[in-house]
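Chains E and X, in that order, are what the protein sequence lines are.
For the first sequence, my numbering gives the first residue as 412, with consecutive numbering after it.
For the second sequence, my numbering gives the first residue as 223, with consecutive numbering after it.
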Amino acid sequence: MLKVLFKKFLSMLITLWGITIISFFLIHLAPGGPLSPMTEFNPRITPEYREKLVKMYGLDRPLYEQYLKWLKGVLTLDFGKSFSIDERPVWDKIKERLPITLLINGLSLVLILLIAVPLGVYSALKSGSLPERVLTFLSFVGYAMPSFWFALLLMMLFGVKLHLLPISGLHSTIGYEEMSTLQKIWDWTKHLICPLLVATFGGIAGISRYVRNSVYEVLYSDFVLFARAKGLSERRVLFKHALRNALLPLITILGLSLPGLIGGSVIFETIFGIPGLGQLMWQSVMARDYPVIMGNLFLIAVLTLLGNFLADLGYALADPRIRTGARKK
Amino acid sequence: MKELLKEILKTKTGLFSVSVILLLILSSILAPWISPYDPYEINVKAILAPPCLSHPLGTDLLGRDLLSRIIYASRISLEVSIVAVGISTVIGVFLGALAGYLGGLVDEIICRFIDVMLCFPTIFLILAVIAYLEPSIFTIMVVIGLTSWMGVARLVRAEVLSLKERDFVIYARLYGAGTFRIIWKHLLPNALAPVLVSVSLGMGQAILIESALSFLGIGVQPPTPSLGNILIEGKETLEVAWWLSIFPGLTILIIVLAFILLGETLQDVLNPKKGKSF
C-alpha cells in the first residue's frame with residue numbers, strides 16, 4: 412500500500428516538473444522571447460509592451476537562468492504583477508476567484524454523480540428497452556451539445572421568456588447589502604442554478620454512459636453469474652457484488668474528467684458573468700495580460716494534477732486488492 | 223472499405239450520421255451556388271427579419287441572410303476540423319506508434335509528455351497560446367490540432383503494444399525490415415480501425431472547440447461567418463430574434479452529433495463483441 416502511494420507520489424512530482432517545463436516554454440512565445448517569430452510582427456503589441464515582457468521574465472538572459480528565476484517565483488506563488496491598470500499581484504487576483512470556481516465545479520461534480528450513476532445503472536439493467544434507448548440517445552445529444560449554446564437556451568427560457576431566474580453575476584447588485592443571511596443564500600442559489608445546469612449537463616452524458624458500460628460488463632461476468640447461481644436475490648447480487656466492482660473505476664474516471672470540467676468554467680463563467688478563474692482567463696486573454704494568463708494556466712494544471720492524485724489515492728483506499736497489498740497476477 | 227460502409231448504413235444511427243456528413247460536405251463544396259444570398263451582403267431593408275419565404279431562417283442585425291451565413295459557417299467549421307484533426311492524428315499516430323514499438327525510455331518519455339499535456343484543460347491551453355497570436359482561422363486550426371493529439375497517441379500505443387509481438391511483425395523484423403517500415407507497413411494498417419473511430423469523434427470535438435472559441439471572440443473573426451460568432455449576435459438579440467440563437471446552435475448540435483454517432487457506429491461494426499450502443 413505505502414509502496415504504491417510512494418510510486419504515485421513520485422510520478423506526480425515528475426508530471427509537475429513537466430508542467431513547469433511546458434508553461435515555461437509557452438512564456439517564450441511572448442513577444443520578445445526567443446521562440447516568438449510569429450509575434451514579432453504583431454501590430455497589437457507595442458515596443459513598450461514588449462520591453463515590459465522582456466524585463467518581467469528576463470527574456471534577455473540565458474535560458475537556464477530564466478527558468479530558475481521563474482521556478483523560484485512559481486514555488487513561492489509569486490507569478491509577478493498583472494499588466495492591467497491596477498497592477499496587482501497575479502496571485503491576489505487568482506486567490507479571490509479560486510473559491511468560486513472550486514465551489515461551482517465541486518457542486519456540479521456532486522450533482523453529476525447523483526444523477527449519472529443511477530441513470531447509468533438503470534440503463535445497464537434495462538439494456539435494450541425503449542427507455543434505455545431514449546436515454547442512450549439523449550446522452551449522445553448531451554455529448555454533442557455545445558455548452559455555450561445550452562447556456563443561451565437557458566437564458567432564453569428562464570431569463571427572457573419566464574423571467575424566473577437572474578442570468579448574470581453571482582448575486583444581486585442592488586439591495587444585496589441589506590439582505591439577511593437567509594435571503595443572501597437564496598439569492599446566491601437563484602444565481603447559481605443556470606451556471607450549475609450548464610456545468611452539470613455535459614458531464615452527466617459522459618459519466619452515465621461510462622457507468623452503463625461498466626455495469627453492463629460486470630453483470631455478465633463469471634462472479635455475478637456465480638452469485639446468481641448461489642441463489643442470491645437480484646438485489647443482493649446487484650448491490651453487494653455487481654455495483655461494488657463496476658463503480659470502483661469511476662473514481663479514476665472522475666479524476667480524468669477534471670480538466671474537462673474546469674475547462675468548462677471558461678464558457679459558463681464568461682456567459683453568466685461569474686467572477687471565477689475561467690472568466691479571469693478569458694478577460695486576461697482579451698487584454699493580453701500575460702502574467703495573469705500564465706499564472707492561471709499553471710495553477711489550473713497543478714490543480715488538475717492534484718485532483719488526479721487524490722483520485723488515485725481514493726482508488727487505492729477503496730480497492731482492497733491495492734489496500735492490502737495483494738497483487739493480482 | 224465497401225463492406226464497412228454497408229454495415230454502417232444498415233444501422234439507423236449510421237444512416238443518419240452518414241447522410242448528415244454527406245450533406246455537410248456537399249453544401250460546403252457547393253456553397254457559392256446553393257446559398258440563396260451572398261453571406262456578406264448587407265441589406266438595411268431586412269434587418270432582423272424573422273424566418274419567411276425570402277429568408278427561410280431570417281436575417282441578422284445587418285440584414286444578412288442567416289441561411290447563407292450558416293452554409294458558409296458550416297463550411298469553415300468543416301475546414302477547421304479537417305485540418306485540426308489531420309494535425310492531431312498525424313502527431314498522435316506518430317508518437318503513439320513510436321512509444322508502443324520502441325518501448326523503454328522513449329515510451330516512458332512520450333507517456334510522461336502525454337500525462338503532462340492532459341493536465342492542461344484544452345480550453346485553457348488554447349486560450350493561453352492564442353493570447354500570443356493573432357486570432358485567425360489558421361491559428362485555431364493549428365492550435366486545436368496541437369492540443370488534442372493525446373487520445374490518439376494513447377490509443378495507437380496500446381494497439382501497437384498488442385500487435386508487436388505477433389508473428390507477422392517478428393518475421394518482418396527477422397527479414398531485416400527497419401523500424402519505420404515495420405510501423406508503417408505492418409503495424410499501422412492493423413491499427414487503422416481505432417484510429418478511424420477517434421478521427422470521427424475528434425471531428426465532432428474540434429467543431430465544438432472551434433465554435434466555442436469563435437463565440438468567445440478569439441476564434442474565427444467577423445465578418446467571416448462562423449457558427450460560434452453568429453451566436454454572439456444571437457446572445458445580444460436574445461429577446462427579439464430567437465432565430466439567431468436557435469438555428470446556428472442546432473446546426474452545431476446536428477453536425478457534432480453526426481460525427482459522434484458515426485464514431486460509435488464504427489466502433490460497433492468493427493468490434494462486434496462489445497455491447498452495442500443501440
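The beta carbon of each residue, even a glycine, is placed where N, CA and C say it ideally should be.
CB of residue i within 7 angstroms of CB of residue j, strictly
i	j	result
I348 of chain X	V365 of chain X	yes
S433 of chain X	I474 of chain X	yes
S296 of chain X	S257 of chain X	no
F683 of chain E	P606 of chain E	yes
K506 of chain E	P500 of chain E	no
D730 of chain E	L659 of chain E	yes
L377 of chain X	S310 of chain X	no
T446 of chain X	I230 of chain X	no
G718 of chain E	G671 of chain E	no
W599 of chain E	H574 of chain E	no
A253 of chain X	A428 of chain X	no
V528 of chain E	V622 of chain E	yes
V328 of chain X	T426 of chain E	no
F561 of chain E	V609 of chain E	yes
G456 of chain X	L466 of chain X	yes
A385 of chain E	C341 of chain X	The shown model of chain E, from 412 to 740, leaves out residue 385 of chain E, and the question about it has no answer.
S239 of chain X	A480 of chain X	yes
V625 of chain E	A653 of chain E	The sequence given here places Ser at residue 625 of chain E; Val does not occur at that position. Contact flag unset, no.
Buried or exposed by the 16-neighbour rule on C-beta atoms within 10 Å, applied to residue i
i	result
D700 of chain E	buried
F709 of chain E	buried
L649 of chain E	buried
T235 of chain X	buried
R651 of chain E	The question names Arg, but residue 651 of chain E is Lys in the sequence shown. It is exposed - the Cβ of K651 of chain E has fewer than 16 other Cβ atoms within 10 Å.
E381 of chain X	buried
Y393 of chain X	exposed
Q594 of chain E	exposed
A271 of chain X	buried
A640 of chain E	exposed
K407 of chain X	exposed
S422 of chain X	buried
F559 of chain E	buried
W597 of chain E	exposed
G485 of chain X	buried
P442 of chain X	The sequence shown places Val at residue 442 of chain X, not Pro. Buried: at least 16 other Cβ atoms inside 10 Å.
S540 of chain E	exposed
E225 of chain X	exposed
Residues that residue i contacts on chain E, provided the C-beta gap is smaller than 8 angstroms
i	result
I482 of chain X	F551, Y554 and A555
R334 of chain X	I425, T426 and G429
W464 of chain X	M567
K457 of chain X	L563, M566 and I682
S467 of chain X	W560, L563, L564 and M567
L430 of chain X	A555 and P557
Top-ranked residue by Cα proximity to residue i, from the options
i	options	result
V677 of chain E	X:P273, X:L460, X:L320 and X:P343	X:P343
G426 of chain X	X:I304, X:K267 and X:W464	X:I304
T361 of chain X	X:L488, X:L435 and X:P272	X:L435
L530 of chain E	E:T426, E:S644, E:G614 and E:F637	E:G614
F634 of chain E	E:V622, E:A616 and E:R655	E:R655
R334 of chain X	E:L522, E:S422 and E:E462	E:S422
Y475 of chain E	E:P510, E:L518, E:L513 and E:T431	E:T431
D393 of chain E	E:V703, E:G675, E:L661 and E:M697	Residue 393 of chain E lies beyond the range of chain E shown here (412 to 740); nothing can be said about it.
L565 of chain E	X:W464, X:L246 and X:I405	X:W464
S299 of chain X	X:V491, X:L430, X:L453 and X:L460	X:L430
L603 of chain E	E:F569, E:G586, E:L636 and E:L691	E:F569
L320 of chain X	X:S241, X:G439 and X:F402	X:F402
Residue i: contacting residues in chain X (beta-carbon distance under 9 angstroms)
i	result
T715 of chain E	L340, C341, F342 and P343
R646 of chain E	Those do not exist, as R646 of chain E stays about 23 angstroms from chain X at its closest Cβ, beyond 9 angstroms.
M692 of chain E	I345, F346, L349 and A350
Contact set between residue i and chain E, taken where Cβ atoms lie within less than 9 angstroms
i	result
V478 of chain X	Y554, A555, M556 and P557
I474 of chain X	A555, M556, P557 and W560
D389 of chain X	Result: empty, since nearest Cβ-Cβ is about 26 angstroms, beyond 9 angstroms.
Under 7 angstroms from the C-beta of residue i: neighbouring residues of chain E
i	result
S433 of chain X	P557
D490 of chain X	By Cβ distance, chain E contributes nothing, its closest Cβ being about 12 angstroms from D490 of chain X, past 7 angstroms.
L244 of chain X	What L244 of chain X touches in chain E: nothing, since even the nearest Cβ is about 18 angstroms away.
Within chain X, partners of residue i - CB distance below 7 angstroms
i	result
V696 of chain E	L349, I352, A353 and I440
Per-residue contacts from residue i into chain X (C-beta, under 8 angstroms)
i	result
L509 of chain E	Going along chain X, no residue has its Cβ under 8 angstroms from L509 of chain E, so there is no contact; the nearest lies around 14 angstroms.
T681 of chain E	L438
G674 of chain E	P343, T344, I345 and F346
V571 of chain E	L460 and E461
I515 of chain E	Those within 8 angstroms of I515 of chain E in chain X number zero; the least Cβ separation is about 15 angstroms.
Contact test: residue i Cβ vs the ligand MG heavy atom, cutoff 6 angstroms
i	result
L665 of chain E	Although the ligand MG was asked about, the structure shown includes no ligands whatsoever.
Any alpha helix (DSSP H) of 4 or more consecutive residues that is wholly inside the region 367–429 of chain X: Taken in chain order, the complete alpha helix (DSSP H) segments of 4 residues or longer contained in the region 367–429 of chain X are 372–385 and 389–396.
Start-end ranges of the alpha helix (DSSP H) lying completely within the region 574–656 of chain E, minimum 4 residues: List check, alpha helix (DSSP H) in window: 592–630 and 633–640.
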